[in-house]
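Residue numbers (this note's numbering): 6 to 222.
Glycine included, C-beta positions come from ideal geometry on N, C-alpha and C.
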């Protein structure tokens, strides 16, 4: 009969097996930790750079606002009132002259869904010379009006497009097939040629222009 007696003061431990099992996990954990530390430092540096750029932009905006306020105060002086009024009048006339009915109808024809057509169109100029287009369209489905609003928003010439009013079409005044009528408003942004000049076209004054105009059928 054989009896194994361990006379060592410390129990035997297989260190090689231990490091073989857990050494790879410790190395992987160390690599992940170093990666997290790297990306954290990189994000911190990037955030500091972005913060500096934002600060510079805010400083430039504040400078421009100060220059604008100073120029506005100069133009508001009594001795400059004639020049100011004349400048505002000329800018308003130039902006109105750039409005092109041809371009508006070409763009509307491009985005108009089938079985939906323009009943009336009216341009309105705001205080800041923003050109708002008021459209009355009729068709056989509300979904087509929503599709028109979506396409106008995707266009480079219309912004803040929305349906303001919806009503049912009935009676002899309605075109055959029309069941609903919609009032749509949008801000119109005039296009330009590559040279930066407004696209030429038939010009019209900023007065209501009512009358039926066919859209894409």
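- The count of Cβ pairs closer than 8 angstroms, one atom from the stretch 111-129 and one from the stretch 137-146, reaches three, so the stretches are in contact.
- The residue among 92, 39, 162, 154 with its C-alpha nearest the C-alpha of residue 170 is 154.
- The DSSP assignment places no complete alpha helix (DSSP H) segment of no fewer than 4 residues inside the stretch 30-101.
- Under a 10 Å Cβ-count criterion, residue 193 is classified as buried, with 16 or more other Cβ atoms of the shown protein chains found around its own Cβ.
- A direct Cα-Cα distance of roughly 22 angstroms separates residue 75 from residue 60.
- The beta carbon of residue 189 sits closer than 6 angstroms to the beta carbons of 140, 168 from its chain, once the five residues preceding and following it are set aside; these are given in chain order.
- Sequence-distant Cβ neighbours of residue 165 in its own chain, meaning closer than 7 angstroms and more than five residues away, are 191, 192.
- Collapsing the DSSP output to three states places residue 108 in a helix.
- 8 angstroms or more divides the Cβ of residue 94 from the Cβ of residue 85.
- The C-alpha of residue 112 lies about 15 angstroms from the C-alpha of residue 142.
- Residue 135 sits in coil when the DSSP states are folded into three classes, being neither helix nor strand.
- Going by C-alpha positions, residue 106 is about 11 angstroms away from residue 138.
- For the pair residue 83 and residue 99, the Cα-to-Cα distance works out to about 25 angstroms.
- Following the DSSP letters along the chain, one finds residue 154 in no beta strand (DSSP E) but inside the alpha helix (DSSP H) bounded by residues 147-159.
- Rounded to whole angstroms, residue 172 and residue 159 show a C-alpha spacing of 25 angstroms.
- Closest option to residue 102, judged by alpha-carbon separation, among 42, 66, 136, 38: 136.
- Rounded to the nearest angstrom, the gap between the Cα atoms of residue 156 and residue 128 is 19 angstroms.
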